[in-house]
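Written below as structure tokens is the structure these notes are about.
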């Protein structure tokens, strides 16, 4: 029975976590014979202690870097899980001496984990705190505090200080959380699975004696320093679901008080503890971050884009290598994914996450855009400027000694079904079980910051090409040459010392900063430094040494300066809010800062309501509508589609429906929900139109609507587009509606025969007098064929006879339009200036397609217009004369770049449409390229869920891993398939050249964070240039691709030369929360506002301030 329980634990763990060197490379791996560092974290697996018995057996151990004897050289301490800890004294020139025994820091516990250095007792010397696992099976021992005696020896005094905790300790961080001048301590603990581990989020309110976090306040009692447990009263969770693997202290909201980021493994959320400044914390992760990593490992916090805001990187286990990825466990299936949400847990995905701080307490997760989401089974992230160019790079250690999430291993372990194991392993030895797990050493990643929110892995080029099982890591300038060296703790291999060779470039400079604080915080823990150099380039760093995984860095801050030889100004804010400013600092030196030179400050709360904001949240009495999405789930029928096609509402339309000169609002609901017209009153309030005056249209989603004069009587009629992926083409419930206005705002359905029968998964309606006869005609777009994603639905061109009767003229007037593709939006423009309106349609797997209008006859002019290689996943289009040259340009919203899918003309994202298993059901196989080879995006399990027979062809996951789409399905089968491609995923501006062609200009990187779903334009800052407002996101995405939620609305300010300046939502005031679909301008009481329709949420309103 115990063996079976251990197997389940393993499964849950697996699915959650030359001497001189080459100076031509940035790093040289130094041999131990040169450094004197012989440390090895050697693991010995036994029947009593292994990964089956203790699920974190292979997590590795940590490193602390610090100057223990104040000689100006950084010393290094390594923890050993089962062996002896080691302390190495830096003798200069990267030579180290092992002083462990003499120093008395070898440690006594049977399992050591993390380590940190801090001056705990305020004597000016760094002490060492080592975390341990104890009181669990054969593991014994308590956390140890080694107090520095000042002569390179230490005395263990954890009990005397109240810090001899016994349990599942991971790491400790010393910091002054209550602002009283001494160092308090947060103790990060992990957990193991038990019957108490599973349930809803109320479990986090439990208390566990061994697991969960702890906060200890530093008190002086009878003249002695003692740490008091204040966990509960401070608002810190300490439960059995606190699987803490990473802790970072930082002032993440820049209010002067240190906050905490805790990364938790498995189903529990990460924690973002915001310091309230009164001795308590508030946990605010879910309201700050839309999703996180699932098997969260180590983390780090730093400013990756030099905007003065601190960003967060958290590691997970997503492999980059195609073969390994397909052989490894990934995202939860839809049922388990939704169950966790039902239980109250936040959205979590198996990949590294990079949270970009937008200000105002909001973050956009951009790991996929940044190119850092997949580094395999990873442990320690460190944000540090290793090439001294003034931008923080990213170092990541990885490698797993026993790959427990290997799917063939899981299959062996469970008998086939990992969610419902049927195999009894109670008589199988642990050794037989753990030796079945593959060993997977890996090469660490080191990403160069490209200065544009993206990173490039330079591991091979920079000299990090050795495969290993690397865990804890840290950085420090070990040889005082002005660059950061790297130190890595490995399993069953000597520790790595990577010497940084940046000093060989005389044109690259740096500045180091050390701190002398008050007596009980002698190293100035909590100080925040901002520097300006090189024409105003800003950098921010904080003095909080605990970073990465199980480790702590040197307490000397490092700033790369690039070619700048002088720091124009440096501002330091000390933990007591005192400040000092130093100007004109020469580079390439150590700057020593002393708190006694600072000016005592008073904490001020910055007024977050900036008078210069362009928008302000608003509300109107009576204009209240919450869109309630229905529960239909597309993925149960079409298992391989990338996202839902049934969540496209709400529809929005504005117009004066009752002739009183005031704009009214139509809002379309989801299936089962009534639409509503809101009539504007002279007071500026709104009144819902009596529902008896608006025909009921509740059977399917209303996805678009338009007010226009259909019958030529001078008032606004209403066309309603129905959609959804649940009902079949031709089902009357999908039929579009024309509602005729009696002139007073009362609507009735147009008489039978006014419209040809159209019943599709609709997308849009665009009115226009395309034949120039004085009445308004229509283009009606369709999104998809329900149940057959990828196949082209029917698009319709409707000609008005002037008496609200419409005729379908698509076949006669617009050849090629009917089956152009999966249309999402359209726009009418006179792109060739011949006096009639041409039609531009966009959609998924489609080019920006132009149909030139010649007296009511339309010809496809896409290639002639230079748009023949623009296929993307386009969502919306807006025609605006953005450059003021008299012709209409196009702004088009696309998928964006923050996706696992990457597309280019050379390596497009492709989709093969066929009935691959000949069962009468259409199948979609979406593929992406890696190293020039096209692979299916879907896993074997996902493909088998849709296409039968693959389990027989590939009985093992290793047989499937690394197989190209051609190898899986054969060239012959693919050749007979319908092939669709996407080559461009950026949202773009297409500039009208005035000669019948367009030039492509990509929108700023912020516009690529998430799908853009709607766009409007105006001069919002009154500078004479057209600005853009974008709304978007797409929540209902297949879990293996991950929901897209990084947009809070973007204001792009136009400048001369078609350059846009992107304002953060907290700067502009335009902060839209949720899965946005539509945005429209509206005038209320003579003032201009915006109304935003959000899927499954309330309407949001904004006042335009200028």
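Residue numbers (our numbering): 4 to 1109.
Where is the CB? At the ideal position from N, CA and C, for every residue including glycine.
No experiment lies behind these values; they were computed from the predicted model shown.
Can you list, in chain order, the residues of its chain whose CB lies under 6 Å from that of residue i, leaving out five sequence neighbours each side?
i	result
residue 295	273, 351, 356
residue 543	306, 311, 533
residue 722	709, 741, 768
residue 5	At residue 5 the pLDDT is 43, less than 50, meaning the model places this residue with poor confidence; the figure from the coordinates comes in the next sentence. None.
Roughly how many angstroms lie between the CA atoms of residue i and residue j, to the nearest whole one?
i	j	result
residue 306	residue 291	17 Å
residue 608	residue 280	For residue 608, the predicted model reports a pLDDT of 48, less than 50, meaning its position is unreliable and no value from the coordinates is stated.
residue 810	residue 817	13 Å
residue 310	residue 510	25 Å
residue 133	residue 411	37 Å
residue 401	residue 380	6 Å
residue 92	residue 479	14 Å
residue 907	residue 1045	21 Å
residue 554	residue 277	23 Å
residue 989	residue 978	29 Å
residue 8	residue 403	Unreliable positioning characterises residue 8 in this predicted model, as indicated by a pLDDT of 48, which lies under 50. The coordinate reading is nonetheless provided below. Near 22 Å, if we compare the C-alpha coordinates of residue 403 and residue 8.
residue 954	residue 338	21 Å
residue 627	residue 701	18 Å
residue 127	residue 594	18 Å
residue 987	residue 1082	24 Å
residue 22	residue 1034	Any reading at residue 22 must be qualified, since the residue scores a pLDDT of 42, below 50, and its modelled position is unreliable; the value itself is stated next. Roughly 56 Å between the two C-alpha positions.
residue 20	residue 615	Note that residue 20 scores 48 on pLDDT, short of 50, meaning its location in the model is unreliable and no value can be drawn from it.
residue 159	residue 903	49 Å
residue 2	residue 993	In the structure displayed, the chain extends from 4 to 1109; residue 2 sits before or after that span and is not available.
Between which two residues does the alpha helix (DSSP H) harbouring residue i extend?
i	result
residue 291	288-291
residue 103	103-106
residue 1068	1068-1071
residue 450	It is not in any alpha helix (DSSP H) - residue 450 instead sits in the beta strand (DSSP E) that spans 448-452.
residue 368	Segment 365-368 is the beta strand (DSSP E) holding residue 368; no alpha helix (DSSP H) there.
residue 121	Unbroken run through residue 121 is the beta strand (DSSP E), 115-121; no alpha helix (DSSP H).
residue 463	462-465
residue 970	968-972
residue 914	Element bounds for residue 914: not the alpha helix (DSSP H) but the beta strand (DSSP E), 912-917.
residue 437	433-437
residue 328	325-330
Beta strand (DSSP E) containing residue i: first to last residue?
i	result
residue 518	512-519
residue 130	130-135
residue 223	217-224
residue 852	852-857
residue 705	704-711
residue 1096	1090-1098
residue 264	262-267
residue 589	582-589
residue 873	Counting along the chain, residue 873 falls outside any beta strand (DSSP E), and DSSP gives it neither H nor E.
From the DSSP secondary-structure annotation, give me the bridge partner or partners of residue i.
i	result
residue 898	None, per the DSSP bridge assignment.
residue 159	149
residue 1118	Given a span of 4 to 1109 for the chain in the structure shown, any question on residue 1118 remains unanswerable.
residue 825	847
residue 490	477, 500
residue 176	189
residue 232	219
Could you name the residues of the same chain whose beta carbon sits closer than 8 Å to that of residue i, not counting the 5 residues immediately before and after it, in chain order?
i	result
residue 208	240, 242
residue 328	321, 322, 377, 964
residue 365	291, 1051, 1068, 1069, 1074
Near residue i, which residues of its chain fall below 7 Å by C-beta distance, leaving aside the five closest residues on each side in sequence?
i	result
residue 683	665, 666, 667, 689, 1087
For the ligand ADP, is there any heavy atom lying closer than 7 Å to the beta carbon of residue i?
i	result
residue 313	With respect to the ligand ADP, the structure shown offers nothing to examine, as it has no ligands at all.
Exercise. Per the contact definition of three or more C-beta pairs closer than 8 Å, is the segment 487-499 in contact with the segment 69-85?
Worked result: yes
Exercise. Taking contact to mean at least 3 C-beta pairs separated by less than 8 Å, is the segment 451-461 in contact with the segment 411-431?
Worked result: no
For this session: Give a yes or no on contact between the segment 655-662 and the segment 1053-1067, applying the rule of three or more CB pairs nearer than 8 Å.
Result: no
Exercise. On the three-pair Cβ rule with 8 Å, is the segment 437-445 touching the segment 466-484?
Worked result: yes
Exercise. Any chance the segment 702-721 sits against the segment 775-789, with 3 or more Cβ pairs inside 8 Å?
Worked result: yes
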